[in-house]
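Have a look at the structure below, then the notes.
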Amino acid sequence: MTGWENFKKGNWQNEIDVSNFIKLNYKPYDGDENFLESKTDKTDKIWNECKKLLKEEFKKHVLDIDVKQMSGIDVYKPGYICKEDDCIVGLQTDKPLKRIVNPYGGIRMVYNELKAYNYELDKDVDKYFNEYRKTHNQGVFDVYTDDIRKARHVGLLTGLPDAYGRGRIIGDYRRIALYGIDRLIEEKQKDLKNLKGIMTDELIRQREEVSEQIKALNKIKNMGLSYNIDMSKPAKNAKEAIQFTYFGYLAAVKENNGAAESLGRVDAFLDIYINRDIKNNKLTEKKAQELIDNFIIKLRLIRHLRTPEYDELFSGDPTWVTCSIAGMTKEKKHMVTKTSYRIIHTLTNLDTSPEPNMTILWSKHLPDNFKKYCAKMSIETDAIQYENDDLMRPIYGDDYAIACCVSAMRVGKDMQFFGARCNLAKSLLLALNGGIDETKREKVLDNIDKMNDEILDYSKVKKAYFKVLEDVAEIYSSAMNIIHYMHDKYAYESSQMALHDTQVHRYMAYGVAGLSVAADSLSAIKYAKVKPIREDGITVDFEIEGDFPKYGNDDDRVDDIAVEILDKISSELKKHQTYRNAETTMSVLTITSNIVYGEKTGSTPDGRKAKMPFAPGANPMHGRDSSGALSSLNSVAKLPYEKCCKDGISNTFSITPNTLGENLEIQKQNLVNLLDGYFSKNAHHLNVNVLNRQTLIDAMNNPEKYPLLTIRVSGYSVRFNRLTKKQQKEVIERTFHEKM
Amino acid sequence: MKRCRGSIDSVESMGLLDGPGIRNVVFLNGCKLRCKYCHNPEMWLKKDNNISVEELTQKIIRNKPYFTNGGGVTFSGGEPLLQSEFIIECCKILKKENINIALDTAGVGNGNYDEILKYVDLVLLDIKHTDEKEYKEITGKEMKEIENFIFSLNKSNKKVWIRQVIIPGINDNEKYIDKLINYLKHIKNIEKVTFLPFHRLGREKYIKLNIPYPYENKQDMDKEKCERLYELFLKRFFNN
């Protein structure tokens, strides 16, 4: 086959098996970063053009919107950054940063989005979606029960993907480069033929979906042709491999607008092509870096149209183009390649940046040079997150990638039904208030007894709390089944699913928020004296007498409570039948929504006042982890990943540079030791920020001084100046590990 | 066997500046000195014992995975030498776990130095002043006890890191640097010397404790000047 010259032969030729191709052909790299090249003049020119546009976008918030077209793979005319833009091509619409209108998730959302920026929808589109075409959102609300509506209304369930795309699906975009689209279509046609038998709901649905996938593959080919690029056959060189992979991804973000549309794992894959070209003298290191730089530039320009309310939840225009890097094979061979370095090096060549969301699959067996390079880049850019490959590899094998922040999936073999999260702290208040919501004063749950005790009794509260969690799990699972049934029906991701095996494994990915608040609250009730202050029978505040152990200090008395809560909610969720028999899983992750969750939740027994933010993800509450960083990390490391939270446990960690060590060399080594230590305790994820609180305060007051300041929040990074004031304040309030 | 108990103020689970690698720093209560620049005045008095050997060592052993590349535990304070029995008991357990042990001290305890130094891998020795009169002025105590400690330290052959706080108007001059170099000649195995510029960040604690702040009139030490002195020190110290 043209394009496969010099590759080691294997099973990958007989069937779609990218992982087999990678493992047979990639070349691990043990050296350091000294081989890396700076950006070329051409890259510089293109990036400068982008910077101008980004600056303008920052001022206007949204640069432009295409209101004439509806989202689709091949509906937009080709677009370029500038005429030098011929390295890696392709934009979502005909102009950079011009956003797509995607009405399939919900037309109401589109109206709100356009109104926020003074745009108006094209009359025809408006007519189609009001008169002829039903959306996902309409489908969901036709079916939602009263219980679900109430739970949503009071903020017990928040952020559900019932009005926009669910995202979190990673197509195996590499397949286009390795096999070419014709072969992929052939395979899908074969699959379609074999989908036969009694025509049950599921089989009919599958047949329709595979037909849609084939159409999508043709559209991807079409889209490429509009740029004069033919993807019908395998990529012949590194440039084509990157271009085809990117086009696969681009098709996904033309068609879909899910919160997280992640890239997957491309470092070792692309490295094989680059290596081959370099060996054959067709490519230099400088040119190889140019290709990667321009690929990354394109990924940085991905945008989706959002409402201001959405921005409040997930601030700073995140797209979660999560790019998983390094890791190990099952045979304990590390997967660090020169291209792992080249991708991270874009943070140097093209300034630090929140996207793509650089995610290192960390193993204690990764080469020392690479570990230190990552640490250095973390210290310099605050743009990297780390996830424990030694924990995930035994579960997901060696060709998985992270979607969004912490959700691992085997590339092209697993997909997930994203489910946002339920509010664990509010659940506790419902248990104290007989099922009545403490802020809206509405009855949400029936059959919960009112608690009239002067002093809260731990075993009584716990019993009531666990009863509430059982009810929450039931409502939550119903909501999820409805949402994903309708999403498959009205907003199916045909381009992404075309790049999956036809027999795909599905996860039902639930989530929880407010874990540390719930755990500390129960600890306060157990170890101190907590007296509720009630108004009309509803608790509005609490008097706490005495001290109590707080989550984040490596104290089993409270850390065990946190584990027990997760265990309970997870096992309750697992009891319910899932749509398409998806495997139930759960994450402890809030992104920046911890602020909105907090706002919707009354005062809690741990002393947190009404409306105050929760801690993000699995983090201890701000300032309560007072025994230093290791104790804080150790508490989080106790949360059970494989048993309950296989969809990820997010922890964000901030330390001042001076505390990390007296010079860069020592700081690097200390950060490496910290990550090795944390992950050896079976922890899952760590966001690392190395910065001074003072810098953030200055950046809040003088944003123009810090246009590039990037920080990791919860599972993604963001330009600090794109956060709302409230979010900036919350980030500043977080625990900084520092020494005087 | 009845294990002894100790009095600690707190444990900082991640200290990265008190010895090599990532370290647990145990702050022990009690100190005979009253150094004017002390930033831990809350640890001057020995309070009731509040932790057992088991509790403390278990806490530390939990963090063993972070102690690669030379990390471990640092006993600091206060003055750790004042609770030598307690520390020795802790060290016996920690050494079985192969955990690196550092002692952050001003060298003024109640003896028993030979025994404690057996378990220690590194001594962070705080030099208050090289001159007897100035030493007393800064610490409120005579200088002779530190010499007893240095005698044991030299016998033990343990590695030493020297720490010297540089205070404006007191020792921020070339003459002192020469005195220091001369003084350090009688301490063996010095691996590293650090100059710490005096800062006023401890002042808040004095106010909270209702103790008059001794250096109310002193400014923070100029960091650049401190660095210049340090470079000068390095040049002369290693050329000797």
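Residue numbers (this note's numbering), protein chains in the order written: chain W, 2 to 741; chain L, 787 to 1026.
We treat Cβ as the ideally placed atom computed from N, Cα and C, and that holds for glycine.
Quick caveat, the model's predicted, so the values are computed rather than measured.
Amino acids of chain C, ordered along the chain, whose beta-carbon sits closer than 7 Å to that of residue i
i                      : result
residue 802 of chain L : Judged by its chain identifiers, the structure shown contains no chain C, and its protein chains are W and L.
Nearest-angstrom Cβ-Cβ length linking residue i and residue j, presumed shorter than 8 Å
i                      : j                      : result
residue 849 of chain L : residue 793 of chain L : Contact flag wrong, Cβ pair sits at about 21 Å.
residue 579 of chain W : residue 585 of chain W : 6 Å
residue 799 of chain L : residue 810 of chain L : 6 Å
residue 905 of chain L : residue 874 of chain L : 7 Å
residue 911 of chain L : residue 952 of chain L : That belief does not hold up - the Cβ atoms of residue 911 of chain L and residue 952 of chain L are roughly 16 Å apart, past 8 Å.
residue 259 of chain W : residue 166 of chain W : 4 Å
residue 533 of chain W : residue 549 of chain W : Between residue 549 of chain W and residue 533 of chain W the Cβ distance is about 16 Å, and since that is not below 8 Å, they are no contact.
residue 172 of chain W : residue 485 of chain W : Not quite, the Cβ-Cβ distance comes to about 18 Å (not below 8 Å), so this is no contact.
residue 793 of chain W : residue 177 of chain W : What is shown of chain W runs 2 to 741, which leaves residue 793 of chain W out entirely.
For residue j and residue i, the rounded distance between their alpha carbons
i                       : j                      : result
residue 375 of chain W  : residue 406 of chain W : 18 Å
residue 883 of chain L  : residue 497 of chain W : 52 Å
residue 653 of chain W  : residue 713 of chain W : 7 Å
residue 998 of chain L  : residue 642 of chain W : 52 Å
residue 114 of chain W  : residue 253 of chain W : 21 Å
residue 787 of chain L  : residue 838 of chain L : Model confidence at residue 787 of chain L stands at a pLDDT of 45, short of 50, so the residue's coordinates are unreliable; what they give is reported in the following sentence. Near 13 Å, if we compare the C-alpha coordinates of residue 838 of chain L and residue 787 of chain L.
residue 986 of chain L  : residue 954 of chain L : 12 Å
residue 825 of chain L  : residue 44 of chain W  : 52 Å
residue 1024 of chain L : residue 900 of chain L : 29 Å
residue 307 of chain W  : residue 148 of chain W : 27 Å
residue 593 of chain W  : residue 524 of chain W : 25 Å
residue 948 of chain L  : residue 989 of chain L : 24 Å
residue 211 of chain W  : residue 453 of chain W : 57 Å
residue 381 of chain W  : residue 658 of chain W : 10 Å
residue 77 of chain W   : residue 94 of chain W  : 5 Å
residue 649 of chain W  : residue 393 of chain W : 10 Å
residue 846 of chain L  : residue 808 of chain L : 12 Å
Sheet register partners of residue i (DSSP bridge)
i                      : result
residue 849 of chain L : Answer is none; residue 849 of chain L lacks a bridge partner.
residue 863 of chain L : L:814
residue 889 of chain L : L:861, L:909
residue 533 of chain W : W:543
residue 387 of chain W : W:361, W:687
residue 109 of chain W : Per DSSP, none; premise fails for residue 109 of chain W.
residue 424 of chain W : W:514
residue 208 of chain W : DSSP, once it has assigned bridges, lists no residue as partnering residue 208 of chain W.
residue 983 of chain L : L:952
residue 66 of chain W  : W:100
Own chain residues within Cβ distance below 8 Å of residue i, not counting five before or after
i                      : result
residue 477 of chain W : 152, 158, 420, 423, 511, 574
residue 829 of chain L : 795, 813, 814, 815, 816, 817, 863, 864
residue 233 of chain W : 181, 182, 183, 222
residue 471 of chain W : 573
residue 973 of chain L : 911, 936, 939, 940, 946, 948
Beta-carbon gap between residue i and residue j smaller than 7 Å
i                      : j                      : result
residue 897 of chain L : residue 935 of chain L : no
residue 386 of chain W : residue 688 of chain W : yes
residue 583 of chain W : residue 315 of chain W : no
residue 827 of chain L : residue 961 of chain L : no
residue 350 of chain W : residue 294 of chain W : yes
residue 91 of chain W  : residue 292 of chain W : no
residue 215 of chain W : residue 186 of chain W : yes
residue 432 of chain W : residue 466 of chain W : yes
residue 270 of chain W : residue 23 of chain W  : yes
residue 163 of chain W : residue 709 of chain W : no
residue 622 of chain W : residue 616 of chain W : yes
residue 236 of chain W : residue 711 of chain W : no
Cβ-based neighbour list, residue i, same chain, cut-off 7 Å, excluding 5 preceding and 5 following
i                      : result
residue 135 of chain W : 491
residue 519 of chain W : 425, 426, 429, 566
residue 442 of chain W : 539
residue 96 of chain W  : 65, 80
residue 529 of chain W : 545, 546, 547, 548, 549
Same chain only: Cβ atoms within 6 Å of residue i, ignoring 5 sequence neighbours per side
i                      : result
residue 58 of chain W  : 64, 98
residue 365 of chain W : 677
residue 474 of chain W : 573, 574
residue 600 of chain W : 612
residue 103 of chain W : 72, 258
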